[in-house]
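This note's numbering puts the first residue of the sequence shown at 70, with every later residue one more than the last.
All C-beta atoms in this analysis are idealised placements derived from N, C-alpha and C, irrespective of residue type, glycine included.
Remember, predicted model here, so these are calculated numbers, not experimental data.
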Amino acid sequence: DPLSKPKECHEREKFLLYNSRLRLFPGKFKLRWTGQYVVKHILPYGAIEIQNMEGTESFKVNGHRLKPYLVGGFTKQSSSILIN
(Lines of atoms letter the chains of each structure in order from A and count residues from 1; the text may use other names and numbers.)
(Lines give C-alpha, C1' and ligand atoms only; values in the text may rest on other atoms or scores of the structure.)
Protein backbone atom coordinates (compact mmCIF):
# COMPACT_ATOMS: atom_id res chain seq x y z
CA ASP A 1 0.00 0.00 0.00
CA PRO A 2 1.67 3.26 -1.05
CA LEU A 3 -0.13 5.35 1.62
CA SER A 4 1.06 3.36 4.62
CA LYS A 5 4.33 4.27 6.27
CA PRO A 6 6.94 1.58 6.77
CA LYS A 7 7.71 0.65 10.36
CA GLU A 8 10.82 2.27 11.70
CA CYS A 9 12.79 0.77 14.51
CA HIS A 10 16.14 1.58 15.98
CA GLU A 11 18.48 -0.30 18.25
CA ARG A 12 17.71 -0.12 21.99
CA GLU A 13 14.00 0.63 21.39
CA LYS A 14 11.36 -1.35 23.30
CA PHE A 15 8.81 -3.52 21.51
CA LEU A 16 6.06 -6.04 22.22
CA LEU A 17 6.12 -9.39 20.40
CA TYR A 18 3.03 -10.88 18.71
CA ASN A 19 2.32 -14.45 19.84
CA SER A 20 0.79 -16.13 16.78
CA ARG A 21 0.04 -19.38 18.65
CA LEU A 22 -2.76 -17.69 20.58
CA ARG A 23 -4.58 -17.14 17.29
CA LEU A 24 -5.39 -20.87 17.25
CA PHE A 25 -7.38 -20.58 20.50
CA PRO A 26 -10.00 -17.90 19.95
CA GLY A 27 -10.87 -15.96 23.04
CA LYS A 28 -12.11 -12.51 23.68
CA PHE A 29 -9.70 -11.57 26.44
CA LYS A 30 -6.51 -13.35 25.44
CA LEU A 31 -3.52 -11.07 25.14
CA ARG A 32 -1.66 -11.72 21.93
CA TRP A 33 1.23 -9.35 22.64
CA THR A 34 3.88 -10.51 25.09
CA GLY A 35 6.74 -9.08 27.06
CA GLN A 36 9.02 -6.15 26.62
CA TYR A 37 11.88 -6.74 24.25
CA VAL A 38 14.76 -4.51 23.21
CA VAL A 39 16.06 -4.36 19.65
CA LYS A 40 19.59 -5.69 19.70
CA HIS A 41 20.44 -5.62 16.00
CA ILE A 42 18.59 -4.86 12.75
CA LEU A 43 19.24 -7.38 10.00
CA PRO A 44 18.51 -7.08 6.25
CA TYR A 45 15.16 -8.07 4.69
CA GLY A 46 13.02 -7.12 7.69
CA ALA A 47 14.56 -9.46 10.26
CA ILE A 48 15.25 -8.02 13.70
CA GLU A 49 17.24 -9.53 16.55
CA ILE A 50 15.61 -8.82 19.91
CA GLN A 51 16.46 -9.69 23.49
CA ASN A 52 14.47 -9.72 26.71
CA MET A 53 14.86 -6.92 29.23
CA GLU A 54 17.26 -8.95 31.39
CA GLY A 55 19.51 -9.57 28.40
CA THR A 56 19.59 -13.32 28.99
CA GLU A 57 17.78 -14.47 25.85
CA SER A 58 18.00 -13.15 22.29
CA PHE A 59 16.44 -14.39 19.05
CA LYS A 60 15.55 -13.25 15.54
CA VAL A 61 12.00 -12.38 14.48
CA ASN A 62 10.24 -10.87 11.51
CA GLY A 63 9.69 -7.12 11.91
CA HIS A 64 5.95 -7.53 11.26
CA ARG A 65 5.59 -9.34 14.59
CA LEU A 66 6.72 -6.30 16.61
CA LYS A 67 4.69 -3.41 17.99
CA PRO A 68 6.25 -0.35 19.68
CA TYR A 69 5.98 -0.32 23.47
CA LEU A 70 4.60 2.99 24.68
CA VAL A 71 6.35 4.05 27.88
CA GLY A 72 4.55 6.22 30.40
CA GLY A 73 1.16 6.40 32.00
CA PHE A 74 -1.97 8.03 30.84
CA THR A 75 -3.49 10.90 32.77
CA LYS A 76 -7.18 10.92 33.40
CA GLN A 77 -8.79 14.20 32.50
CA SER A 78 -12.11 15.14 33.97
CA SER A 79 -14.44 17.86 32.83
CA SER A 80 -17.75 19.14 34.05
CA ILE A 81 -20.51 21.05 32.32
CA LEU A 82 -22.89 23.31 34.21
CA ILE A 83 -26.48 23.12 32.99
CA ASN A 84 -28.80 25.97 33.94
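Legend entry - 3 or more residues per run - each beta strand (DSSP E) lying fully within the region 98-135: 102-111, 116-121 and 127-131
Legend entry - Closest Cα partner of V103 within the set Y138, H79, I150 and R81: Reading the sequence as shown, one finds Thr at residue 103 and not Val. Here the closest residue by C-alpha is Y138.
Inset, instruction - Taking the CB atoms as reference points, tell me whether V107 and K83 lie closer together than 8 Å. - result: At a Cβ-Cβ threshold of 8 Å, V107 and K83 count as neighbours.
Legend entry - Start and end residues, beta strand (DSSP E) containing L151: First-last for L151: undefined, no H or E at that position.
Legend entry - L85: first and last residue of the uninterrupted beta strand (DSSP E) it sits in: K83 to Y87
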